[in-house]
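**Q** Protein chains in written order, with this note's numbering: chain D, 187 to 301; chain U, 1137 to 1250. Don't be surprised by glycine CBs; every beta carbon is placed ideally from N, CA and C. One structure coming up, written as structure tokens, with questions to follow.
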Amino acid sequence: DAGVTQSPTHLIKTRGQQVTLRCSPKSGHDTVSWYQQALGQGPQFIFQYYEEEERQRGNFPDRFSGHQFPNYSSELNVNALLLGDSALYLCASSGLLGAGGETQYFGPGTRLLVL
Amino acid sequence: AQSVTQLGSHVSVSEGALVLLRCNYSSSVPPYLFWYVQYPNQGLQLLLKYTSAATLVKGINGFEAEFKKSETSFHLTKPSAHMSDAAEYFCAVTYTSGTYKNIFGTGTRLKVLA
């Protein structure tokens, strides 16, 4: 059983560009959450998708958007990249949305560097 | 504002010694509490979680944590450290009353000395 997979593993972009990161959840999971982990910091919650809709959102600007597909995979899009967007982006999947106590399974992350 | 505090960004212990990593949360309503471990260049792996059942929670790799409501704490312990325990540990809290919030601490890097 494949766990959570993310692509690409590494990415280099320049300021102002747009980026799309991809995530495939663990088999049987229908909820996907995205996190940003800056160097030396803990992950920060960006948003969570369930049934192809954004259900919960953290304190991130509208430049950060996402999508969930019928097969439960998900994309994170970031527009107008800033230097401060350089971070490890983690995807996590879980069963049943938003109960709070569900176990999240994390992917290895995509490391984004903005120059 | 709701928050999670991990005391000590770096902790060093000798192999075989007790591991104690501290986590305090701010809330009058008991949240869901988690401990994760992160090895270099990897994602996070769940060690254990508290979801309002038993206050002493046992996890993988010999780790356990005790939920203490009066102290708003959820410290992680392991009786005997192993070299393979060297990693970064994150405490996380999920609040579901009112606005959903999922908050991670800033992490504690554990170093195990031979």
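Counting only beta-carbon separations shorter than 8 Å, does GLN1129 of chain U have a partner in chain D?
**A** Chain U is shown only over 1137 to 1250; residue 1129 of chain U falls outside these bounds and no answer can be derived.
**Q** Do you know offhand how far LYS1204 of chain U's Cα is from SER1188 of chain U's?
**A** When rounded, the distance between both Cα atoms is 11 Å.
**Q** Which same chain residues, not among the five before or five after ASP216 of chain D, have their C-beta less than 6 Å away from its C-beta?
**A** Within the same chain, ASP216 of chain D has close Cβ partners TYR258.
**Q** If you reduce the DSSP assignment to three classes, tell me which class LEU301 of chain D lands in.
**A** In the structure shown, LEU301 of chain D sits in coil (DSSP, three-state: anything other than H, G, I, E or B).
**Q** Is the CB of LYS1185 of chain U under 8 Å away from at least one CB in chain B?
**A** No chain B appears in this structure, whose protein chains are D and U.
**Q** Check the Cβ of THR276 of chain D against every Cβ in chain U and list those closer than 9 Å, keeping chain order.
**A** Rather than Thr, the amino acid found at residue 276 of chain D in this sequence is Leu. Simply GLY1179, LEU1180.
**Q** Would you tell me roughly how many angstroms separate the C-alpha atoms of VAL1173 of chain U and ILE1196 of chain U, rounded to the nearest one?
**A** Distance between the alpha carbons of VAL1173 of chain U and ILE1196 of chain U: 11 Å.
**Q** In this structure, how does DSSP classify GLU148 of chain D when only helix, strand and coil are distinguished?
**A** This structure leaves residue 148 of chain D out entirely; chain D is present only between 187 and 301.
**Q** Does PHE1199 of chain U get closer than 8 Å to chain D when you measure Cβ to Cβ?
**A** PHE1199 of chain U does not count as touching chain D.
**Q** Alpha carbon to alpha carbon, how far is VAL218 of chain D from ALA188 of chain D? Give it in angstroms, no decimals.
**A** Roughly 15 Å separates the two Cα atoms.
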